[in-house]
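Heads up: the sequence shown runs through residues 1 to 92, numbered per full-length UniProt numbering. For each residue, glycine too, the CB sits at the ideal point set by N, CA and C. This structure is a prediction, so every number in the text was calculated from the model and none was measured.
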Amino acid sequence: MARASARHILVDSEDKCNELKAKIESGSDFAEIARNFSTCPSGQQGGALGEFGPGQMVREFDEVVFSGELNKVLGPVKTQFGYHLLEVTSRS
């Protein structure tokens with residue numbers, strides 16, 4: 001079975017998501033941005049979600065995690081929870 005590890009940042013607007021993505025792409029630390037801006041409890045761990053398999057996250061999230069490029073900031077990804085920036089740190 002496929003497995004992945006990822007981290008994410010959850011915010012309530014696409015504009016905020018794009019703003020944070022630009023900061024990270026300009027050199028800001030993903031984990032620090034997650035700690036300061038993510039509304040998900042995982043933000044306190046730098047957005048780390050640990051390892052999980054397909055179907056353990058919402059569909060939109062899964063689609064990106066199990067097909068997106070590794071170690072690149074992906075998103076915004078809209079789900080029922082808000083807008084996510086994702087970084088897939090490993091996949092097997």
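Handout entry: Straight-line Cα distance separating F66 from P41
Key = As a working note, residue 41 is residue 41 in the sequence shown. As a working note, residue 66 is residue 66 in the sequence shown. Taking the straight line from one Cα to the other gives about 22 Å.
Problem - Enclosing beta strand (DSSP E) for F52 [first to last residue] - result: Here residue 52 corresponds to residue number 52 of the sequence shown, with the count starting at 1. Element bounds for F52: 48-52.
Handout entry: Residues that S6 bridges to, as DSSP identifies them
Key = The count along the sequence shown starts at 1 and reaches residue 6 at position 6. Going by the sequence as given, residue 6 is Ala instead of Ser. The bridge partners DSSP lists for A6 are V88.
Problem - Residue range of the beta strand (DSSP E) that includes V77 - result: Working through the sequence shown from its first residue, we reach residue 77 at position 77. That run of the beta strand (DSSP E) goes 73-79.
Problem - Residues near R3 in its chain [Cβ-Cβ closer than 6 Å; skip 5 each side] - result: Reading the sequence shown from its first residue, position 3 is the one you call residue 3. The beta carbon of R3 sits closer than 6 Å to those of E51, G53, S92, all from its chain and outside the five residues before and after it, given in chain order.
Handout entry: Proximity to R59 [Cα-Cα], best of I24, V77, D29
Key = Here residue 59 refers to the residue found at position 59 when the sequence shown is read from its first residue. Out of I24, V77, D29, V77 has the C-alpha closest to the C-alpha of R59.
Practice task
With DSSP collapsed to three states, give me the class of V58.
Solution key: In the sequence shown, the residue the question calls residue 58 occupies position 58. Correct three-state label for V58: coil.
Exercise for the section: Quick one: grab the DSSP three-state call for G43. Expected result: Residue 43 sits at position 43 when you count from the first residue of the sequence shown. Three-state result, G43: helix.
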